[in-house]
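The block underneath contains the structure these notes are about, expressed in structure tokens.
Number of protein chains: 2
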Amino acid sequence: MTTTSIARTAAEAAELRDDPLRFGVGARVTVSIMADDYAAVILGALAATDTSGLVVDTGDVSTYLGGAEGDLLRAITQLTASVAAGGHHASVTVHLSRGCPGEAVCELSGGAGARGVETLRGERTGRWTAAEWALYPLADAPGADHMSDIHAAIDFARGNGTFRGSEHFVTRLEGDVGDVLATAFAGWTLVGRSVQHVTSHLTLSLNSPSHAGVQR
Amino acid sequence: MTTTSIARTAAEAAELRDDPLRFGVGARVTVSIMADDYAAVILGALAATDTSGLVVDTGDVSTYLGGAEGDLLRAITQLTASVAAGGHHASVTVHLSRGCPGEAVCELSGGAGARGVETLRGERTGRWTAAEWALYPLADAPGADHMSDIHAAIDFARGNGTFRGSEHFVTRLEGDVGDVLATAFAGWTLVGRSVQHVTSHLTLSLNSPSHAGVQR
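So the sequences go chain by chain: A and B.
Here the first sequence is numbered in full-length UniProt numbering, starting from 1 and rising by one per residue.
Here the second sequence is numbered in full-length UniProt numbering, starting from 1 and rising by one per residue.
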């Protein structure tokens, strides 16, 4: 929930930033299928998901995925697209975190610095979603200025056509599942260029009856 | 997503803090029922929920509830308990926010200050849940020290018996639906004593097949 600062050598800090698991790069994903046979649908979707490169720990509330940003985006896109392809109404909540492998108190000191990675464009899936997105730069460092990166994230969302506007506490995104997930990942990693600890929460709605008349 | 500071008079700031809607106190809630008749279950649960005092705006991804903390806790507890009482496996995601009524850029300047409210104990429901909880103090103010409030929040969770430990990125809570929600609200408002903009995300799992053998 918060970050404390401990001085590190530059070499130690660089080593931490280069190791996704030690830097705490990961996601918690909750898939909810609005159908009696939800368990079979989830198992089928998981079987269609390439989790190579990732640590996977399935729990009763969510599934933890740990590893590099590109592997996370590929796996969550495949999982979500596979759920959407089943045709059932479903929700997928995605909680992204980087820069703080601890829980109540961050185990990774502020001294690790920010981890810069390439901005990923994502893969088109042919499946449509409406989503609500929140992005949190958790900077305790005095003078941290992430506004230019926030604006870069919004520019990315406008650029790939997923930005639909602002609602209470969230940004609304619509479009291909792969583009919407890529937008959330881009915001998360773009702000991560200047802020060590960044989290993001995305809720995707799939195959909703209220989407029947939506202009795609 | 972030907060900018504009000076206000003390009177203007106090007026903002006293008005839950202008201070941006609210929640977005997504209820997912793992059953073919999910729509009927959700409508029944909503009918059993007292939303008095709240602004309600139902969307395709989530339902926005705006208003004072006590009204929010009562309504979300009733809604979740009613879903649990139906016996279906379900997930409820709750996104709480206070101190930032805007979206990409906070419309309420940092000058409003922190809003102090009574810590609520919640209502017992007789329904059990396992949940994952994240709490975000979004303080841009240099020198903001919220560690004592974070520890007060953890003490509250230990005190009402809902604290189960830390996992990647989240705190695990278990217990009565009313106690688990009260824990998330207590953390949110306790940290809100020192930080204007505080958000919290809670995912609750209800009636999961994997809870069958759990010691309640």
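We treat Cβ as the ideally placed atom computed from N, Cα and C, and that holds for glycine.
All figures in this text were calculated on a predicted structure; none of them were measured in a lab.
- Message: Quick check on A/Met1: buried or exposed, where buried means 16 or more other Cβ atoms within 10 Å of its Cβ?
- Response: No answer about A/Met1 holds up, because its pLDDT of 41 lies below 50 and its placement is not dependable.
- With 16 other CB atoms within 10 Å as the buried threshold, where does B/Arg28 fall? Burial call: buried.
- Query: What are the residues that DSSP puts in a beta bridge with B/Glu174?
  - Reply: Residue pairing for B/Glu174: DSSP places it in a beta bridge opposite B/Ala130.
- Message: I want to verify the contact list: residues of chain A whose CB lies under 9 Å from the CB of B/Glu132, in sequence order.
- Response: By Cβ distance, chain A contributes Arg28, Thr30, Gly59, Val61, Ser62, His95.
- Item | For B/Ile42, the residue or residues it bridges with in DSSP | B/Ile42 pairs with nothing; no bridge assigned.
- Message: Assuming B/Leu138 is part of the beta strand (DSSP E), what are its boundary residues?
- Response: Taken as a continuous stretch (DSSP letters only), B/Leu138 belongs to no beta strand (DSSP E), as it is neither H nor E.
- Query: What do you get for A/His151, buried or exposed, if any count of 16 or more other CB atoms within 10 angstroms of its CB means buried?
  - Reply: exposed
- Message: Please classify A/Thr9 as buried or exposed, where buried requires at least 16 neighbouring CB atoms within 10 angstroms.
- Response: exposed
- Task: Just tell me which of B/Thr63, B/Asp36, B/Ala35 has its CA closest to the CA of B/Leu46.
- Result: B/Thr63
- Assign B/Ala157 to one of two classes, buried (16 or more other C-beta atoms within 10 Å of its C-beta) or exposed (fewer than that). By the 10 Å Cβ count, B/Ala157 comes out buried.
- Task: Under 8 Å by Cβ, that's how I've got B/Phe69 and B/Leu120 pegged, so tell me the actual separation to the nearest angstrom.
- Result: Residue identity check: residue 69 of chain B is Glu in the sequence provided, not Phe. B/Glu69 to B/Leu120, Cβ: 7 Å. Contact.
- Task: Rounded to whole angstroms, what's the CA-CA distance from B/Val117 to A/Leu138? Just pull it up for me.
- Result: 24 Å
- Message: Considering only the alpha carbon of each residue, which of B/Thr30, B/Leu190, B/Ala13, B/Asp19 lies closest to A/Ala131?
- Response: Nearest C-alpha to A/Ala131 among B/Thr30, B/Leu190, B/Ala13, B/Asp19: B/Thr30.
- chain B contact for A/Ser194 (CB, 8 Å cutoff): Nearest CB-CB separation between A/Ser194 and chain B: not below the 8 Å threshold.
- Query: Between A/Val55, A/Gly113, A/Ile42, which lies nearest to A/Ala81 when the distance is taken from Cα to Cα?
  - Reply: A/Ile42
- Item | Spatial distance of A/Ser97 from B/Ala134 (CA atoms) | Rounded to whole angstroms, A/Ser97 to B/Ala134 spans 11 Å at the Cα level.
- Look at the alpha carbon of A/Pro20 and the alpha carbon of A/Leu65, and state the distance between them as a whole number of angstroms. Their backbone Cα atoms lie some 11 Å apart in a straight line.
- Task: Just list the alpha helix (DSSP H) runs in the stretch 47–100 of chain A, keeping only unbroken ones of 4 residues or longer that don't cross its boundaries, in chain order.
- Result: 69–85
- Item | Rounded separation between A/Asp176 and A/Thr129 - CA only | 6 Å
- If you draw a straight line from the C-alpha of A/Asn160 to the C-alpha of A/Asp179, how long is it? 7 Å
- Item | chain A contacts from the stretch 65–97 of chain B (Cβ-Cβ distance under 8 Å) | Gly66, His89, Ala90, Ser91, Thr93, His95, Ser97
- Task: Following the continuous alpha helix (DSSP H) through B/Leu21, name the residue where it begins and the one where it ends.
- Result: 20–23
- Message: For A/Ser148, report the span of its alpha helix (DSSP H) as first-last.
- Response: 147–159
- Determine the burial state of A/Pro209: buried for a count of at least 16 other Cβ atoms within 10 Å of its Cβ, exposed for fewer. exposed
- Are the Cβ atoms of B/Val94 and B/Ala182 separated by less than 8 Å? no
- Query: Per DSSP, what kind of secondary structure is A/His168 in: helix, strand or coil?
  - Reply: coil
- Round the Cβ separation of B/Ala114 and B/Arg22 to the nearest angstrom and send it over; I've been treating them as touching at under 8 Å. In fact, because the Cβ distance is near 15 Å, the residues do not count as touching under 8 Å.
- Message: Please confirm whether A/Asp36 has its beta-carbon closer than 8 Å to some beta-carbon of chain B.
- Response: Yes, because at least one Cβ of chain B sits closer than 8 Å to the Cβ of A/Asp36.
- Message: Let me make sure I understand the geometry here. Which of B/Asp71, B/Gly44, B/Gln78, B/Cys100 has the alpha-carbon closest to that of B/Gly126?
- Response: B/Gln78
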